[in-house]
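J.: My questions all concern the structure below.
Number of protein chains: 2
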Amino acid sequence: MTAFDRLIAYQRDTAALAQIAGRLGWDQETMMPRGAAAQRGVEMAAIEAVLHARRSAPEVGEWLADARAPDEVGAAHLREIRRAYDRATKVPGDLARRLAQVTSEAQGIWAAARAGEDVAAFLPVLEDVVALKREEGAALAAGGDVYDAMLQDYEPGASAEQIGAMFDAMRPRLVALRSAILAKPAPKGLSGQFDEAVQMQLAVTLAQAFGYDMARGRLDKAVHPFSSGSGADVRITTRTSPTDPFNCIYSTIHEVGHAAYEQAIRPDFALSALGQGVSMGVHESQSRIYENQIGRSRAFTGWLFGRMKDAFGALGPEDAEAFHAAVNRVHKGYIRTEADEVQYNLHIMLRFDLERALMSGDLQVRDLETAWNDRFAADFGYVVDTPSNGLLQDVHWSVGLFGYFPTYALGNVYAGCLHEAMRAALPDLDARLAEGDTSTATAWLRDHVQQFGGLYEPRQLIEKASGAVPSEEPLLRYLETKFTALYDL
Amino acid sequence: MTAFDRLIAYQRDTAALAQIAGRLGWDQETMMPRGAAAQRGVEMAAIEAVLHARRSAPEVGEWLADARAPDEVGAAHLREIRRAYDRATKVPGDLARRLAQVTSEAQGIWAAARAGEDVAAFLPVLEDVVALKREEGAALAAGGDVYDAMLQDYEPGASAEQIGAMFDAMRPRLVALRSAILAKPAPKGLSGQFDEAVQMQLAVTLAQAFGYDMARGRLDKAVHPFSSGSGADVRITTRTSPTDPFNCIYSTIHEVGHAAYEQAIRPDFALSALGQGVSMGVHESQSRIYENQIGRSRAFTGWLFGRMKDAFGALGPEDAEAFHAAVNRVHKGYIRTEADEVQYNLHIMLRFDLERALMSGDLQVRDLETAWNDRFAADFGYVVDTPSNGLLQDVHWSVGLFGYFPTYALGNVYAGCLHEAMRAALPDLDARLAEGDTSTATAWLRDHVQQFGGLYEPRQLIEKASGAVPSEEPLLRYLETKFTALYDL
Chain A
1 MTAFDRLIAY QRDTAALAQI AGRLGWDQET MMPRGAAAQR GVEMAAIEAV LHARRSAPEV
61 GEWLADARAP DEVGAAHLRE IRRAYDRATK VPGDLARRLA QVTSEAQGIW AAARAGEDVA
121 AFLPVLEDVV ALKREEGAAL AAGGDVYDAM LQDYEPGASA EQIGAMFDAM RPRLVALRSA
181 ILAKPAPKGL SGQFDEAVQM QLAVTLAQAF GYDMARGRLD KAVHPFSSGS GADVRITTRT
241 SPTDPFNCIY STIHEVGHAA YEQAIRPDFA LSALGQGVSM GVHESQSRIY ENQIGRSRAF
301 TGWLFGRMKD AFGALGPEDA EAFHAAVNRV HKGYIRTEAD EVQYNLHIML RFDLERALMS
361 GDLQVRDLET AWNDRFAADF GYVVDTPSNG LLQDVHWSVG LFGYFPTYAL GNVYAGCLHE
421 AMRAALPDLD ARLAEGDTST ATAWLRDHVQ QFGGLYEPRQ LIEKASGAVP SEEPLLRYLE
481 TKFTALYDL
Chain B
1 MTAFDRLIAY QRDTAALAQI AGRLGWDQET MMPRGAAAQR GVEMAAIEAV LHARRSAPEV
61 GEWLADARAP DEVGAAHLRE IRRAYDRATK VPGDLARRLA QVTSEAQGIW AAARAGEDVA
121 AFLPVLEDVV ALKREEGAAL AAGGDVYDAM LQDYEPGASA EQIGAMFDAM RPRLVALRSA
181 ILAKPAPKGL SGQFDEAVQM QLAVTLAQAF GYDMARGRLD KAVHPFSSGS GADVRITTRT
241 SPTDPFNCIY STIHEVGHAA YEQAIRPDFA LSALGQGVSM GVHESQSRIY ENQIGRSRAF
301 TGWLFGRMKD AFGALGPEDA EAFHAAVNRV HKGYIRTEAD EVQYNLHIML RFDLERALMS
361 GDLQVRDLET AWNDRFAADF GYVVDTPSNG LLQDVHWSVG LFGYFPTYAL GNVYAGCLHE
421 AMRAALPDLD ARLAEGDTST ATAWLRDHVQ QFGGLYEPRQ LIEKASGAVP SEEPLLRYLE
481 TKFTALYDL
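Note that the protein sequences, when read in sequence, are chains A and B. Here UniProt numbering is used: the first residue of the first sequence is 1, the next is one more, and so on. Here UniProt numbering is used: the first residue of the second sequence is 1, the next is one more, and so on.
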């Protein structure tokens, strides 16, 4: 066997073990008895240790040094295996252990602080997390930019400068759009009670309508919806609320976007370094284009309105136009995960700028709450009322996820690029969506994005698929056009 | 750290990874999408390889050579770690791989052969399995008895000679009892349709009545009921049939016996070499005493009759006596898993004698069907009508499980010993059971058997708990007394 062949064979077992860790995560959120949490923590640590040992094994370094890729696909395998090896070997074991321990504690402290609206209780441990993450970033950056190094965990090839330039161009136009919208009267939302079992039936119907293959997946309930797994076993979760069926419907479509991506990857990439979505940003582009550009379009919501009337009877909105307006309602709110298409990106940019400043040292943890609240008031036009609606709302920083937030907005940017190209390629798309037929859209995404898994780097993939260098312009054009019409601006 | 401490720390991760493998097995039978089977096979092989590498790691051998146990518990840890190390290092890797491959194929061939009633299609691959198992047994036995060596995988410390002597003493008395019973008129069974959702509700009620802690477990449906996991996450499955609620009820109680054992083990043994039931025989003693000596007793069935009438209305039997007779009905049948308390052990003895002869070479695979059918006719008094009711009924041999069958009957023998001691210690047991209160019985079993996990070797444990050397006499006395009364012999 050549060094290349050895690497591929070795990676197969590593990928299989990573799938197992993912399956345990799914079990934890859906099936695990509550009394098993502590034991599960030990189990997760044990399999993570196995994965870390495999990724950083000296023989992987030796094989990587000797391996010659036979072709473009082989080169991509080596690129991804090398990335994981470098990641695993650059951070000293002792630092990794301290980070694991502190973030594990910090998550509990964050949850208690949020419940108690007590910022002061959270900041000391956040200081520890920030200090350790800077140390980790320095080890990963090896002299380069610390925040850029962190980004690579979620968005290989991305740079903070490039993302920052995009976001700076988006911010004033989104703030202006938000201001104009909020000056108008808000459309009516849904009203009534919506049977939760019927919502779950509708969720299954929608998942399948968007091409999710239930023979290689399943749909369950969880507190926070997520998609999990790759290849032949990609599971999704959703949630229900008796007064807000849109929560269930759009969570489901969002997760189906993630899951359909994983299910569509070339079967010969299964259990390899290329057998999953290439980055968080590209992943989010799929979930967002399913959820928003397709799922919240006038054409598709026309069809959905009919299905919802069949399922629930009277909803509130009395025709498809009013229903479309309700689906796309923009309203004052503090919580990122509940934000509409316009305000969502403002949430992300706020976090991106603050976490970048925390990592560079330009912002101190003790000044974080003021910085958050000032920025929020400036961009949203209203004032944070309580910490759980502000700085304490997201789990990310407590568990050390720095560099993750920007991929959410990057996903929206990529979705904008793909959507424009897809519309140009599929002139009858709205006619299909109006019949609830998403297949031409999902087929286009499968052919141009999803099938490739980790073969191309993120920006290269989006450029190939959309035929243009990725830019924020298509997303902004889409949002301005859509909401100008909806709100008669 | 001493060598002993290193071993204990290392074993903790090994035990955690073994729990993960068990959880995957549970998922496969309950939740996994059908399209994921092939990928799951790769995942299972990957984690089994990790476990094998850990169990046979050279440093374990070195630590074992140097380790000094600080006390009795420490000595038991070393005993169990050494057993796993010896098992993992004695069988050459190439033989283990061939066995894994052949048994994986053989299981599929067996399933097809059983469906097609085609013994000839199964025998060639069974020959391969038997030949490889003999080779493996010789490696494990290192000059000793091959079948004894195999027994150690399931029943540490057991010998075929000892088990054979027990079974030889049991066989004529059980054959005589069966003959006498089948000469009598059969009592009426249940009649009617039984809502399967109500059966599952009753299963939850019964599981909790028998002390199963749902906060550290869960109950789902599966084709073949099983219990899975140790410590804080012990899950059970059951099944339902619209015409036979006893299937659900007694499968549930049986699996609760296994699960309660795991849940009752001392918490300080969790994720250690002592943190699970000590043998298949002792495990089966718990499931059987829950299911039979308690669950099928006159006292408990009196209470159960009331619960079933409440749940289903008319059942067939009109009073508690008739209900007790229906629960304990002995009838002609071919299938081990459906057999009553009297005939079950005859099934096991048949398999024990045949597989022992296969391993010693006294019986050839080509003569197996004749040997099975002759023995069946001799012991059961009626003739096997079709291979799926005979030689092809069990999966065990196809997957290489030789030495496993006798532990089922050994479990019954141990249950007999424990039951006699428990009755002597708890004079008011029937009064409690008549009220559906199993707590004194389960507490006695927890205190005398379950809490100890792997601390004592099986026979030693049963002797300590029952106060006598394990013997078949208590089981035979119990069966003869019970069925003489039930059938008016």
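Every residue gets a Cβ at the ideal spot worked out from N, C-alpha and C, and that includes glycine.
Taking its Cβ as the centre, do 16 or more other Cβ atoms sit within 10 Å of Asp66/B, making it buried, or is it exposed?
T.: exposed
J.: Let's see if you can read the secondary structure: which residues bound the alpha helix (DSSP H) around Arg171/B?
T.: Ala160 to Leu182
J.: Express the C-alpha separation of Pro267/A and Gly381/B in angstroms, rounding to a whole number.
T.: 55 Å
J.: Looking at C-alpha atoms only, which residue of Cys417/B, Leu429/B and Lys188/B is the closest neighbour of Ala325/B?
T.: Lys188/B
J.: Mind checking the segment 158-186 of chain B against chain A and listing, in chain order, the residues whose C-beta falls within less than 7 Å of any C-beta there?
T.: The residues in question: there are none.
J.: Are the beta-carbon atoms belonging to Arg55/A and Thr2/A less than 8 Å from one another?
T.: Their beta carbons are not under 8 Å apart, which means Arg55/A does not touch Thr2/A by this criterion.
J.: With DSSP run on the structure shown, which of helix, strand or coil describes residue 490/A?
T.: No information on residue 490/A is available, as it lies outside the stretch 1 to 489 that chain A covers here.
J.: Below 8 Å on the Cβ atoms is my guess for Arg296/A versus Asn328/A; work out the distance and round it to an integer in Å.
T.: 6 Å
J.: Go ahead and pull the three-state DSSP assignment for Asp213/A.
T.: coil
J.: Val198/B: which of Val384/B, Ala424/B, Met308/B and Val395/B sits nearest, CA to CA?
T.: Met308/B
J.: Taking only three categories from DSSP, how would you classify Lys332/B?
T.: coil
J.: Say whether chain B places a C-beta atom closer than 8 Å to the C-beta of Ile20/A.
T.: yes
J.: Is DSSP giving Ser191/A helix, strand or coil here?
T.: coil
J.: Closer than 8 Å is the cut-off here; do at least three beta carbon pairs connect the segment 20-31 of chain B with the segment 358-369 of chain A?
T.: Because the criterion of three Cβ pairs below 8 Å is not met, the segment 20-31 of chain B and the segment 358-369 of chain A do not touch.
J.: Kindly examine the ligand NAD and report whether one of its heavy atoms sits closer than 7 Å to the Cβ of Ser466/A.
T.: For the structure depicted, the ligand NAD is absent and the ligand set is empty, with no information on it obtainable.
J.: Helix, strand or coil for Ala227/A, going by three-state DSSP, please let me know.
T.: In the sequence on display, residue 227/A carries Ser and not Ala. Ser227/A: strand per DSSP, three-state reduction.
J.: Just the Cα atoms here: how many angstroms apart are Lys90/A and Leu17/A?
T.: Looking at the two C-alpha atoms, the distance is approximately 22 Å.
J.: In chain order, what residues of the segment 209-227 of chain B put their CB closer than 9 Å to some CB of chain A?
T.: Of all residues in the segment 209-227 of chain B, Asp213, Met214, Ala215, Arg216, Gly217, Arg218 and Asp220 have a Cβ within less than 9 Å of some Cβ in chain A.
J.: Please report whether the beta-carbon of Ile47/A lies at a distance below 8 Å from any beta-carbon of chain B.
T.: yes
J.: Contact criterion: CB-CB distance below 8 Å. Does Val42/A meet it with respect to chain B?
T.: Closer than 8 Å to some Cβ of chain B, the Cβ of Val42/A qualifies, so yes.
J.: What does Gln286/B touch in chain A if you count any residue whose Cβ is under 9 Å from its own?
T.: Per Cβ cutoff of 9 Å: no residues; Gln286/B is ~20 Å from chain A at best.
J.: I'd like to confirm the pairing. Which residues does DSSP put opposite Asp66/A in its beta bridges?
T.: Looking at the DSSP assignment, Asp66/A forms no beta bridge with any residue, so it has no partner.
J.: Along chain B, which residues have their Cβ under 8 Å away from the Cβ of Val204/A?
T.: Ordered by position in chain B, no residue passes the 8 Å Cβ test against Val204/A, which lies about 13 Å from the chain.
J.: I want to see whether chain A comes within less than 8 Å of Asp5/B, judged by CB atoms only; does it?
T.: It does not: the Cβ of Asp5/B has no partner Cβ on chain A nearer than 8 Å.
J.: Taking Ile47/B as part of the beta strand (DSSP E), name the residues at either end of that continuous run.
T.: Ile47/B -> not in any beta strand (DSSP E); alpha helix (DSSP H) instead, spanning Ala37 to Arg55.
J.: Shorter than 8 Å from the beta carbon of Arg34/B to some beta carbon of chain A?
T.: Taking a beta-carbon distance threshold of 8 Å, Arg34/B counts as an interface residue toward chain A.
J.: Taking the alpha-carbon positions, what's the Ile20/B to Glu43/A distance?
T.: 7 Å
J.: Could you tell me the distance, in whole angstroms, from the CA atom of Gly211/A to the CA atom of Leu271/A?
T.: C-alpha separation (whole angstroms): 22 Å.
J.: By Cβ distance below 7 Å, which residues in the same chain neighbour Ser388/A in space, the five residues on each side in sequence not counted?
T.: Arg114 and Glu117
J.: Got a sec, what are the start and stop residues for the beta strand (DSSP E) Asp220/B sits in?
T.: Leu219 to Lys221
J.: Tell me whether the beta-carbon of Ile181/A lies closer than 8 Å to the beta-carbon of His77/A.
T.: With a cutoff of 8 Å on beta-carbon distance, Ile181/A and His77/A are scored as not near each other.
J.: Tell me which residues of the segment 89-123 of chain B have at least one Cβ-Cβ distance to chain A shorter than 8 Å, keeping chain order.
T.: none
J.: Using C-beta distances below 7 Å, list every residue in its chain close to Gly403/A, excluding the 5 sequence neighbours before and after it, in chain order.
T.: So the list reads Tyr147, Met150, Leu151, Asp153 and Tyr154, once near-sequence residues are dropped.
J.: Beta-carbon of Leu271/B versus every beta-carbon of chain A: anything under 8 Å?
T.: yes
J.: Given Gly400/B, which residues of its chain have a CB within under 7 Å of its CB, disregarding the five upstream and five downstream residues?
T.: Leu99, Thr103, Val129 and Lys133
J.: By the three-class DSSP mapping on this structure, what secondary structure does Arg235/B have?
T.: strand
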